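Participant: Okay, here's the structure, questions in a sec.
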Amino acid sequence: MKYDRYDPQLSPYSGGSRKRHRKVVGCLRGFIMIMTVMIVAVSCVLFWQVFLSKRLPDTNNFFTRKTAAPTASPTPDATPTPSPTPMPDIVELLAPQENIENFFGPLPKPEFRTPLERREVHGIYIATGENLTANIELAKNSEINAFVLDLKEGYGVGFNSTNPLATQIGQVKSLYNLSAMVEKCHDNDIWVIGRIVCFKDPGLLNAYPDYYIKDADGNILRFTNEEKAPFLNPYNPAVWDYFIDLAIEAVEMGVDEIQFDYVRFPAGPTTTGVAPYFGPEGTTPRKADAINRFLQTARRRIQDTYGVPVGADIFAIVMTNEPDRKIVGQDWPTVGLTGVDNLCPMIYPDHYGREFYLNGRLYSPPKDYPYEIVYNSLYVAKQQAAEGFSIIRPYVAAYTYGYADINKQIKGARDAGCNEFILWNVFGKYPNGNYDGA
102 MKYDRYDPQL SPYSGGSRKR HRKVVGCLRG FIMIMTVMIV AVSCVLFWQV
152 FLSKRLPDTN NFFTRKTAAP TASPTPDATP TPSPTPMPDI VELLAPQENI
202 ENFFGPLPKP EFRTPLERRE VHGIYIATGE NLTANIELAK NSEINAFVLD
252 LKEGYGVGFN STNPLATQIG QVKSLYNLSA MVEKCHDNDI WVIGRIVCFK
302 DPGLLNAYPD YYIKDADGNI LRFTNEEKAP FLNPYNPAVW DYFIDLAIEA
352 VEMGVDEIQF DYVRFPAGPT TTGVAPYFGP EGTTPRKADA INRFLQTARR
402 RIQDTYGVPV GADIFAIVMT NEPDRKIVGQ DWPTVGLTGV DNLCPMIYPD
452 HYGREFYLNG RLYSPPKDYP YEIVYNSLYV AKQQAAEGFS IIRPYVAAYT
502 YGYADINKQI KGARDAGCNE FILWNVFGKY PNGNYDGA
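Here's what the structure looks like:
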C-alpha cells in the first residue's frame with residue numbers, strides 16, 4: 102500500500118494500533134535517554150583523562166591506575182645549592198713511615214684551603230718594635246721590605262694575646278699592640294713576619310711539667326749549653342699546638358708570615374749527665390722525624406689553611422755537619438721537604454770559632470770572611486736541596502759589622518743563588534744603607 106499523505110483513517114497506527122505506537126515511541130525515548138547518559142559519561146571520562154588527570158596525577162585513581170603515568174610538562178630546573186669543592190689530598194714530599202704514623206698519628210686535614218701569598222723578603226729583625234719609626238725610615242730608603250717581630254720569646258708572649266694557655270700561666274706580657282703594629286707596617290708597605298721561639302721555653306714548667314724533656318725515671322732535665330734551662334719536648338704534639346695556636350691568633354690579627362725559631366732539640370749534655378728518654382728504641386722516631394712532623398703539622402694548619410707562609414730558623418752548621426744534625430734534630434736534606442715556605446739558616450761568621458774548614462778551604466778566623474762564609478755555606482747547602490725544597494733565606498750578622506761587611510754577606514747570598522735575606526741584630530738597630538748586595 103502506498104501512502105501519499107498522512108491520513109488517520111488509513112494509517113496503520115489508527116484505531117487499535119495507537120497503544121503500540123505509544124509503546125514504540127516510549128522505547129525510542131528511553132533508548133535515546135540511555136544513549137545520551139552513556140555519551141555524557143564517556144565524555145566525562147575522556148575529559149578527566151585528557152585534562153584533569155595531568156594536573157592531579159593519582160596512581161590509585163580508578164581511571165588512571167591502569168594507564169601509563171602522564172609525562173610531566175617541562176619546568177625550569179631549580180638553581181642547585183652550591184656544595185663545597187672537594188679538596189685534593191695534600192701530597193707530602195716526605196714519604197710516610199709506619200713508626201712515625203704510629204707515634205704521632207695522622208697529619209691534620211685543613212678544613213679549607215687558601216692559596217699561598219708570599220713576598221721576596223729583604224728583612225730586618227726588630228724585636229718588639231722599640232725602634233719602629235727609625236726602621237720604617239730605613240725601609241723607605243733601602244731595599245728592606247720586611248720586619249721580623251717577636252710574637253713569643255723565651256720570656257713569654259710579647260703581643261696582646263688572648264691565648265687561653267698563655268693567659269692561664271701568666272705568660273702574656275702585652276709589650277705592644279699587635280694589630281696596631283701590623284697596621285703601621287702595612288701602611289708603609291712592610292711585610293710583617295711573626296717570630297715564635299719554640300722549644301727553648303722554661304715558662305710552662307710550673308703549670309705543665311710533663312711537657313718537658315725528662316730522663317727514664319721521669320726527672321726533668323736541664324741542659325748545660327742552654328743556660329742550664331729545661332727544654333720543651335719536641336715529641337709532644339700538645340706542645341706543638343701551643344705554638345701553632347699562637348701563630349694562628351697572630352695571623353688573624355694581620356701578620357703576613359710565621360717564623361718558628363728554636364725548632365730543635367737542646368745542644369750539648371744535660372747538667373746531670375743523664376741522657377734524655379724519649380721512648381723505647383725501635384718504635385720511637387728519630388729526633389729529626391719529630392722536628393719534621395711538627396713543621397708539617399704547622400704548615401698544614403697555617404700555611405695550607407690561611408695561605409700564610411711558614412718558615413723555620415735553622416743552625417747554619419747543620420748544612421755542612423751531619424753529627425750536629427743528629428744532636429739537634431735539624432736534618433738539612435729532609436727539613437726542607439716538610440713543605441714549609443722557607444728555611445732561615447743563621448750564618449754568623451763569628452759563630453764558627455777560631456777557624457773553620459768550609460767547601461775545601463780553611464778560614465781563620467771565619468769572622469774576617471763575611472762574604473766567603475755566607476757564599477760557601479749556601480753553595481754547599483744548595484747542593485743537598487732536592488726538588489721541592491724550601492726557599493733558603495739566610496739570616497746574616499748585623500751586630501758587629503758595619504754596613505760594608507753586612508752588604509758583603511748579602512752579596513754572598515745572592516751569588517749563591519739566594520735572593521732573600523734577613524739582618525740580625527738583637528737590638529733591632531741597623532746602619533743606613535741600601536742593602537742591595539752590590
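Note that my numbering has the sequence shown beginning at 102, numbered continuously upward. C-beta atoms are modelled at their ideal positions from N, C-alpha and C, and glycine is treated no differently. Predicted model, so just to flag it, every value in this text is computed and none were measured.
#1: With a CB to CB cut of under 6 Å and the five nearest residues on each side skipped, what residues in its chain are close to Phe300?
#2: Out of Tyr449, Gly412 and Ile191, which has the shortest C-alpha to C-alpha gap to Thr215?
#3: Looking only at its own chain, which residues have a Cβ that is under 6 Å from the Cβ of Gln272, when we skip the five neighbours before and after it?
#4: Across the segment 433-441 and the segment 238-252, are there enough close Cβ pairs to call them in contact, namely three or more that are closer than 8 Å?
#5: Sorted by chain position, which residues of the same chain lie with C-beta nearer than 7 Å to Tyr313's C-beta, five sequence neighbours on each side aside?
#6: Flag this pair as touching only if the segment 491-500 and the segment 513-529 have three or more C-beta atom pairs under 8 Å; answer yes or no.
#7: Under 8 Å by Cβ, that's how I've got Gly408 and Glu218 pegged, so tell me the actual separation to the nearest angstrom.
#8: Using the DSSP secondary-structure output, state which residues sit across from Cys445 in a beta bridge.
#9: For the segment 524-531 against the segment 231-240, do three or more pairs of beta-carbon atoms, one drawn from each stretch, fall closer than 8 Å, so that the two count as touching?
#10: Using DSSP bridges, identify the partner residues of Ile523.
#11: Rounded to a whole number of angstroms, what is the C-alpha to C-alpha distance between Leu266 and Glu353?
#12: Is Gly374 buried or exposed, if buried means 16 or more other CB atoms sit within 10 Å of its CB?
#13: At which residues does the alpha helix (DSSP H) containing Lys468 begin and terminate?
#14: Is it right to say Gly461 is buried, meaning 16 or more other beta carbons lie within 10 angstroms of its own, or is it exposed?
#15: Taking DSSP's pairing of strands, which residues face Glu254 in a bridge?
#16: If we count the other Cβ atoms within 10 Å of its Cβ and call it buried at 16 or more, is Ile523 buried or exposed?
#17: Let me know if His223 comes out buried or exposed under the rule of 16 or more other beta-carbons within 10 Å of its beta-carbon.
#18: Quick check on the DSSP output: the alpha helix (DSSP H) that includes Tyr458 runs from which residue to which?
#19: Based on the DSSP secondary-structure assignment, which residues constitute the bridge partners of Gly295?
#20: Closest by CA to Pro576, which one among Lys315, Tyr464, Glu473 and Leu396?
Facilitator: So, from the listed chains and residues:
#1: Phe332, Leu333, Pro335 and Tyr363
#2: Ile191
#3: Gly257, Val258 and Gly304
#4: no
#5: Leu306, Ile321, Pro331, Phe332, Leu333 and Asn334
#6: yes
#7: 5 Å
#8: Asp414
#9: yes
#10: Gly224 and Tyr496
#11: 18 Å
#12: exposed
#13: No alpha helix (DSSP H) contains Lys468, which DSSP labels as neither H nor E.
#14: exposed
#15: Gly257
#16: buried
#17: buried
#18: Element bounds for Tyr458: not the alpha helix (DSSP H) but the beta strand (DSSP E), Phe457 to Leu459.
#19: Leu250 and Ile359
#20: Nothing about residue 576 can be read from this structure; the chain reaches only from 102 to 539.
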